Amino acid sequence: MKAMTIHHSGSPKRALLNRRTLLVAATLATVPTYTLLRELRAAGTNQDRRLSAVRWINRQEELARALKAGSISPLAWHEEVNSMAQEVDISQLLAETSRARGSSHIPYMRDPVKRSITFVDADGQPRRLSYAAATFSFGPQNLITPHAHEHMVSAHMVVEGKLRIRTFDRVGTEEGAIVIRPTQDYIGGVGAAAAMTTEKDNVHWFTPMTARATTFDVIIAGLDPGQKKYIIQPVDPLGGRRRGDGTIVAPVLSFEESMRRYTVVE
């Protein structure tokens, strides 16, 4: 099957930050956290107007509450959380993550390793937030296969390595399939962000481009009262039927079949 075209994107300022921080961030799992944070702070010395980690965490809470209350739209949430990824001080966020309480989950097949994050306050007590936070750590053979979502939103920020990020809008359904339209296909380094809502970029697909890669994720589920908290549906864009308007009729797969069909080389 033929892979989609890859586009490299990002501003010169963002590219400069990525080059300075990439080699440091790639050591996340192998060096003491304080060493990584010191190097990241040095890399960010010339960056002004960084958003502090605490302010970023609190702003995520404000947005999550507003989204659940209906006072902002999913599209507004989508744009704001993507924008915040360009502003947050990643070294501070990693410091807060190192202080947080966490629990790791046994990965399913070739899924990345998920670590659920519970941030703590100044007294070391767990914070109760309106969103879930987690990191996903990719090795060379790990990937997140293409899948659609219902009743939830999520935001994904690269904090280590590089990922190929592919996203699609969900535009309709057919029997046994979801109709999707490609929206993005690019290599994302440290600071790259990909949010997902029902209205925009509902389908995503992440594959590592470096030996290690990690994302920091924010997840808000249970957005549709009376429905399940969330539904995740693996789909097959590469094996789908392409239509003249640029959309793809992508068959819905089981998780097992999705893992069988999709690997990091596609």
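Going by this note's numbering, the sequence shown opens with residue -1, and the numbers climb by one from there.
Quick reminder that beta carbons are idealized off the backbone N, C-alpha and C, glycines included.
Remember, predicted model here, so these are calculated numbers, not experimental data.
Check, Outcome
"Identify the residues that DSSP records as bridge partners of residue 148: which are they?", "229"
"Can you tell me which of the three DSSP states residue 55 falls into?", "helix"
"Excluding the 5 residues preceding and the 5 following residue 124 in the sequence, name in chain order all residues of the same chain whose CB lies nearer than 7 Å to its CB.", "99, 116 and 118"
"Using 8 Å for Cβ pairs, my map puts residue 145 next to residue 79. What's the rounded Cβ distance?", "19 Å between Cβ atoms; not a contact."
"Give me the residue from 89, 180, 122 and 247 with the minimum Cα distance to residue 171.", "247"
"Which residues mark the beginning and the end of the beta strand (DSSP E) in which residue 165 is found?", "161 to 172"
"Using DSSP with H/G/I as helix, E/B as strand and the rest coil, what is residue 182?", "strand"
"Do you know how far the Cα of residue 152 is from the Cα of residue 227?", "13 Å"
"In chain order, what residues of the same chain have a beta carbon less than 7 Å from the beta carbon of residue 24, not counting five sequence neighbours either side?", "Only weak support exists for where residue 24 lies, its pLDDT of 37 falling under 50; the coordinates are left without a value."
"List the endpoints of the continuous beta strand (DSSP E) containing residue 111.", "111 to 116"
"Locate the alpha helix (DSSP H) running through residue 99, then write down its first and last residues.", "From DSSP, residue 99 is part of no alpha helix (DSSP H) but of the beta strand (DSSP E) over 99 to 103."
"Within the same chain, show all residues whose beta-carbon is closer than 6 Å to that of residue 133, passing over the 5 residues directly before and after it, in chain order.", "113, 212 and 214"
"For residue 79, which three-state DSSP category applies?", "helix"
"Please name the residue in 65, 200, 148 and 258 whose C-alpha comes closest to that of residue 163.", "200"
"Let me check one thing: in DSSP terms, what residues is residue 158 bridge-paired to?", "212"
"Since residue 248 sits in a beta bridge, which residues does DSSP pair it with?", "176"
"Based on the DSSP secondary-structure assignment, which residues constitute the bridge partners of residue 49?", "86"
"I believe residue 218 touches residue 155 by the beta-carbon criterion, under 8 Å. Please report the beta-carbon distance rounded to the nearest angstrom.", "Actually they do not touch by this definition, with Cβ atoms about 15 Å apart."
"Going by DSSP, which residues form a beta bridge with residue 194?", "152"
"Which residues bound the beta strand (DSSP E) around residue 135?", "130 to 136"
"What number of angstroms, rounded off, separates the C-alpha of residue 54 from the C-alpha of residue 178?", "32 Å"
"Shortest alpha-carbon distance to residue 129 belongs to which of 63, 96, 73 and 189?", "63"
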